[in-house]
Amino acid sequence: MTITRTTPVLDDDPFDTSVLTAPYAFHRRLRRTGPVVLLPRYGVYAMGRYADVRAALTDEETFVSGRGAGLTDFAREKPWRPPSLLLETDPPDHTVFRTVMNRVIAPRTVRALRAAFEPEAERLAGELVARGRFDAVTDLAEVYPLRVFPDAVGLPQEGREHLLAYGALAFNAFGPHNSLLAAALATAAPAQEWVAAHCAREALAPEGWGADIWAAADRGEITTEQAPLLVRSLLSAGVDTTVYGLGNTLYALARHPEQWAALHADPRLARFAFDEALRWESPVQTFFRTTSRDTMVGDEPVPGGSKVLLFLGSANRDSRHWGDSAETFDIRRSAGGHVAFGMGVHQCVGQPIARLEAELVLGALARRVSRLELDGPPVPKLNNTLKGWASVPIRVTP
Ligand code: OVM
401 MTITRTTPVL
411 DDDPFDTSVL
421 TAPYAFHRRL
431 RRTGPVVLLP
441 RYGVYAMGRY
451 ADVRAALTDE
461 ETFVSGRGAG
471 LTDFAREKPW
481 RPPSLLLETD
491 PPDHTVFRTV
501 MNRVIAPRTV
511 RALRAAFEPE
521 AERLAGELVA
531 RGRFDAVTDL
541 AEVYPLRVFP
551 DAVGLPQEGR
561 EHLLAYGALA
571 FNAFGPHNSL
581 LAAALATAAP
591 AQEWVAAHCA
601 REALAPEGWG
611 ADIWAAADRG
621 EITTEQAPLL
631 VRSLLSAGVD
641 TTVYGLGNTL
651 YALARHPEQW
661 AALHADPRLA
671 RFAFDEALRW
681 ESPVQTFFRT
691 TSRDTMVGDE
701 PVPGGSKVLL
711 FLGSANRDSR
721 HWGDSAETFD
731 IRRSAGGHVA
741 FGMGVHQCVG
751 QPIARLEAEL
761 VLGALARRVS
771 RLELDGPPVP
781 KLNNTLKGWA
791 SVPIRVTP
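Mapped onto the working numbering, the consecutive letters of the sequence shown carry residue numbers 401 to 798.
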């Protein structure tokens with residue numbers, strides 16, 4: 401007798417507005433259903449448990465990125481833009497580009513930027529605290545990264561706000577061709593032009609991460625065709641991610657006043673608060689991989705050539721890994737090992753920048769503010785990949 405096992409199926413659309421704005425009930429069902437499930441709506445597999453997501457992220461030979469980190473399978477369909485040399489390649493090619501970027505944004509290089517990044521965090525925090533009420537997203541999370549990050553890249557003031565629309569498009573484009581992607585494509589042409597123009601050597605300041613990438617081309621480590629694509633990675637992944645990360649952190653703290661009190665009492669907890677917020681409400685909720693061969697996930701076979709949707713935001717709330725308090729926001733827990741920055745060879749190369757920005761902004765606020773509370777209903781921001789807020793009204797007590 402042959403017993404045929406079938407992979408469990410979930411009929412949900414994880415890119416539907418209802419799941420994008422409130423994904424956690426779906427995550428629980430996903431984790432409960434099995435280590436891997438089928439989403440017939442898109443013909444893809446999905447994983448939501450920490451151990452399986454992490455295992456896939458760290459097995460880059462089986463779960464490849466070269467066929468795209470979104471729903472589009474580059475082996476079958478034309479990508480919306482030339483693939484990223486970092487995100488959408490595999491070793492050994494990936495290693496060449498990643499080595500260049502590791503040097504450009506080495507933790508030591510980023511630490512040296514503290515003096516440049518700190519005054520703006522202090523200034524902005526001082527101004528907002530004096531106001532008493534402000535919007536954590538539109539007055540802070542969308543403002544601070546756009547003041548400091550483009551300077552460090554070597555971009556001009558003029559036009560840098562295009563980076564928000566470009567990032568929104570790039571992250572929507574990992575999902576299906578739904579109304580979110582259509583709306584982003586309909587409005588992003590000026591942003592796409594601005595980004596394309598500012599990857600060129602002539603558009604970049606003589607000092608900065610952009611110039612450092614071009615210097616790698618001068619040394620022959622990459623070609624002059626590849627340099628603008630690596631600059632494009634900075635412009636694609638460097639702003640929206642930190643905007644959502646800061647916004648989600650302030651949202652988490654506003655929802656948990658006792659956690660703010662702990663941060664105020666010891667502002668050195670800022671870094672831990674940021675990591676815990678990334679775990680509790682991960683800005684990048686999902687990435688796809690493609691199986692390069694038949695494989696097993698637990699007892700379930702997954703055929704080669706399958707798109708697999710990895711739920712980072714679900715792995716980060718899996719009680720199998722984090723225990724019974726998995727869904728509790730607690731800045732004193734050790735959130736180390738969360739997969740909000742990914743894991744393995746593709747783990748976020750920009751994380752020292754994100755951490756520096758977060759530490760400076762949260763530290764500047766924590767030292768000035770004893771109480772921080774919601775001052776109205778937060779408004780979700782919709783994106784196929786990013787989870788966050790369009791508005792988080794808050795009230796602060798100095
Ligand atoms: C890239 C990139 C890397 C990570 C995330 C991302 C838009 C883009 O290399 O372009 O999201």
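Beta carbons: idealized from backbone N, C-alpha and C, even for Gly. As the structure is a computational prediction, the values presented were derived from the model and not from experiment.
T538 versus A740 - alpha carbon distance
23 Å
List the whole-angstrom C-beta distance separating A766 from H664, where the pair is believed to meet the contact cut-off of C-beta under 8 Å.
5 Å
Under the criterion of a Cβ to heavy atom distance below 8 Å, does G468 qualify as lining the ligand OVM?
no
Nearest CA to the CA of E461: which residue from H721, G705, E773?
G705
Residue burial classification, R717 (beta-carbon count within 10 angstroms, cutoff 16):
buried
Determine contact between the stretch 544-553 and the stretch 429-447, defined as no fewer than three beta-carbon pairs at a distance below 8 Å.
no
Measuring alpha carbon to alpha carbon, tell me which of D666, S579, Q592 ends up nearest L564.
Q592
Reference A516, options H494, R668, Y544, G532, closest by Cα
Y544
E602, buried or exposed, once every other Cβ within 10 Å from all chains shown has been counted against 16:
exposed
Please go through the stretch 435-478 and give each complete alpha helix (DSSP H) segment of 4 or more residues, from N-terminal end onward.
450-457
Does the distance from the C-beta atom of P423 to that of Q685 stay below 9 Å?
yes
Using C-beta distances below 8 Å, list every residue in its chain close to L712, excluding the 5 sequence neighbours before and after it, in chain order.
V453, S682, V684, Q685, T686, F687, V739, A740, G742
Work out the CA separation of A475 and R431 for me, nearest whole Å.
29 Å
According to DSSP, what are the bridge partners of W480?
Looking at the DSSP assignment, W480 forms no beta bridge with any residue, so it has no partner.
According to DSSP, residues forming a beta bridge with S706:
Answer is none; S706 lacks a bridge partner.
In three-state terms, what does DSSP make of A673?
helix
Between the C-alpha atoms of A673 and P793, what's the straight-line distance to the nearest angstrom?
19 Å
Flag this pair as yes or no: are the beta carbons of L555 and L604 separated by less than 9 Å?
yes
According to DSSP, is G575 helix, strand or coil?
coil
For M696, which beta-bridge partners are listed by DSSP?
P701
Can you give the beta carbon distance from A677 to T649, rounded, assuming they're within the 8 Å contact cut?
4 Å
Inter-residue spacing [alpha-carbon to alpha-carbon] between S770 and V464
47 Å
Any contact between the stretch 781-798 and the stretch 569-581? By contact I mean 3 or more CB pairs, one from each, below 8 Å.
yes
For chain B, is any of its Cβ atoms less than 9 Å away from the one on T462?
Included in the structure is just one protein chain, with no chain B present.
Tell me the residue span of the beta strand (DSSP E) that contains T797.
793-797
For a test of your reading of the model: does the CB of R632 fall under 8 Å from any non-hydrogen atom of the ligand OVM? Yes or no.
yes
Note down, one range per segment and in chain order, each beta strand (DSSP E) of at least 3 residues found wholly within the stretch 705-790.
707-711, 771-774, 779-781
Using only CA atoms, which one of R441, G610, P435 lies nearest to D416?
R441
Reduced DSSP secondary structure (H/G/I, E/B, other) of R689:
strand
Between the Cα of L653 and those of R511, L772, G532, spot the shortest distance and give me the residue it belongs to.
L772
If I follow the unbroken beta strand (DSSP E) through R503, where does it start and stop?
Per DSSP, R503 belongs to no beta strand (DSSP E); it is in the alpha helix (DSSP H), 493-504.
Hey, how far is the Cα of D473 from the Cα of E527?
47 Å
My output table needs one value for R533: the three-state DSSP class, helix, strand or coil.
strand
Own chain residues within Cβ distance below 8 Å of A617, not counting five before or after:
T623, T624, Q626, A627
Determine the closest residue to E700 out of A521, W680, V437, with distance taken between C-alpha atoms.
V437
With a threshold of 8 Å, establish whether the CB of T641 neighbours any heavy atom of the ligand OVM.
yes
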